[in-house]
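Chains as they are written, first to last, in the numbering used here: chain A, 236 to 420; chain B, 236 to 420.
Just so you know, even glycine gets a beta-carbon here, dropped at the ideal spot from N, CA and C.
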DNA sequence: CCGGTTTGAGACATTGATGTCTCAAATTGC
DNA sequence: GCAATTTGAGACATCAATGTCTCAAACCGG
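This is the structure in structure tokens:
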């Protein structure tokens, strides 16, 4: 006897849930399934039909965030580029996903796939920082952990600036590169 | 007939609760009263005896955070100082309170006193940014909102660096000033 | 040492969110 | 237009966290 047919959600419904969940949970990590459903414009039963538990939903969104971020980073051509140009390209690709960074920071899920994905991002960032130091765009005296932390925060503050409307995406990218390398003087 | 005697908590107990609540709620904004009590080394009944509700506790901690931050900023002598020195002094005073910044960011409470206190901090920061621009430490082309956002995030990442142990408090202060003004090159 | 006060443990009631289920309505593709 | 499928609303059960209360134990200042 076959297992009960698993629910197949419509792609547009799933996208609405993912975007709504990121928005609502970034604002309040304790938001209820009801709040997420309302914001997504779907019924709460639809969430429960597709995700086994609230934790399952948060994990699934976390995995989606990591996949989106890794896809954005992977999509860049890096061969032969100067480190500072790779930094600029990375910011250009990743700043629009700043809300996903924030989601992963505030809605931690003890999920192997999220941990692995985050580790991939970290490795990529550390390699970039080593090259920035090698090419003189970042001083060798600066702890790499500090540089990585600054890059992380710049992604988020730049995303916020674009969301608030006082910077365009291009302006945000340039200001992020400038802030990290030569500062605001 | 007089009202029932209000519970008077011991100062050491209250401090333990405040510090534990900041630590636990920074890690997980949805942490339970039980988790806070365990971390504080007190009984859950003690929390309920002193705070009417969980929301009341979160509000009270938020007010404490704002008061601590405003006290730190107010304690500085600023008359006659260059803007960059005021920036350095502000970082030195406020970085140890980075966990309080974070608390206010992630555990927003719709409380008039928290809003007012935050407004005071913001006014102070904007005035400092104007002076930094006036004295050439920050370019006039940079949006003030961007500079304020960077200062905010530097407080948090510097606090984290000290907590993680790869920077001393003095190193964190200097690196924060450097990152904002001349960058990491 | 003692009186007054605070506190912790645990029992218990309440509450709100989650999770399950059913059925009519809506949607979609042919 | 119809069949197959997904979805929303709402009823209902479950569960975990909150909130209340009592009493013995612990604490502290005089």
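Could you check where the alpha helix (DSSP H) with residue i kicks off and where it finishes?
i, result
"residue 338 of chain B", "333-341"
"residue 248 of chain B", "246-262"
"residue 366 of chain B", "347-369"
"residue 282 of chain A", "279-285"
"residue 312 of chain B", "Residue 312 of chain B -> no alpha helix (DSSP H), and no H or E assigned at all."
"residue 375 of chain B", "Segment: none, residue 375 of chain B is in no alpha helix (DSSP H) and carries neither H nor E."
"residue 318 of chain A", "318-329"
"residue 420 of chain A", "Element bounds for residue 420 of chain A: n/a, residue is neither H nor E."
"residue 275 of chain B", "268-275"
"residue 379 of chain A", "379-399"
Note down the Cα distance separating residue i from residue j, rounded to an integer number of angstroms.
i, j, result
"residue 359 of chain A", "residue 353 of chain A", "10 Å"
"residue 363 of chain A", "residue 268 of chain A", "39 Å"
"residue 356 of chain A", "residue 403 of chain A", "25 Å"
"residue 401 of chain B", "residue 414 of chain A", "22 Å"
"residue 379 of chain B", "residue 327 of chain A", "22 Å"
"residue 368 of chain B", "residue 292 of chain A", "46 Å"
"residue 410 of chain A", "residue 340 of chain B", "23 Å"
"residue 419 of chain A", "residue 408 of chain A", "14 Å"
"residue 390 of chain A", "residue 344 of chain B", "26 Å"
"residue 246 of chain B", "residue 285 of chain B", "12 Å"
"residue 242 of chain B", "residue 377 of chain B", "51 Å"
"residue 287 of chain A", "residue 307 of chain A", "29 Å"
"residue 416 of chain B", "residue 361 of chain B", "16 Å"
"residue 321 of chain B", "residue 387 of chain B", "15 Å"
"residue 366 of chain A", "residue 294 of chain A", "33 Å"
"residue 385 of chain A", "residue 392 of chain B", "7 Å"
"residue 304 of chain A", "residue 279 of chain A", "28 Å"
"residue 375 of chain B", "residue 244 of chain B", "51 Å"
"residue 447 of chain A", "residue 283 of chain A", "This structure leaves residue 447 of chain A out entirely; chain A is present only between 236 and 420."
"residue 313 of chain B", "residue 399 of chain A", "32 Å"
"residue 315 of chain B", "residue 381 of chain A", "32 Å"
"residue 350 of chain A", "residue 309 of chain A", "18 Å"
Within its chain, find whatever has a CB closer than 7 Å to the CB of residue i; leave out the 5 residues flanking it on each side and keep chain order.
i, result
"residue 255 of chain B", "271, 274, 275"
"residue 248 of chain A", "277, 281"
"residue 264 of chain B", "341, 342"
"residue 253 of chain A", "296, 299"
"residue 261 of chain A", "334, 337, 338, 341"
Out of the options, which has the shortest C-alpha to C-alpha gap to residue i?
i, options, result
"residue 311 of chain B", "B/329, B/295, B/299", "B/329"
"residue 383 of chain A", "A/405, A/325, A/345", "A/325"
"residue 336 of chain B", "B/405, B/406, B/395, B/412", "B/395"
"residue 373 of chain A", "A/251, A/412, A/307", "A/412"
"residue 405 of chain A", "A/417, A/366, A/323, A/375", "A/323"
"residue 371 of chain B", "B/386, B/313, B/317", "B/317"
"residue 332 of chain B", "B/366, B/397, B/346", "B/397"
"residue 290 of chain A", "A/346, A/313, A/381, A/314", "A/346"
Please return the same chain residues whose Cβ sits closer than 8 Å to the Cβ of residue i, not counting the five positions on each side in sequence.
i, result
"residue 302 of chain B", "352"
"residue 258 of chain A", "274, 334"
"residue 319 of chain A", "367, 370, 372, 412, 416"
Apart from the five residues on each side of it in sequence, which residues of its chain come closer than 6 Å, Cβ to Cβ, to residue i?
i, result
"residue 348 of chain A", "298"
"residue 266 of chain A", "259, 260"
"residue 237 of chain B", "For residue 237 of chain B, the pLDDT reaches just 44, beneath the cut-off of 50, and the residue's location in the model is therefore unreliable, leaving the point undetermined."
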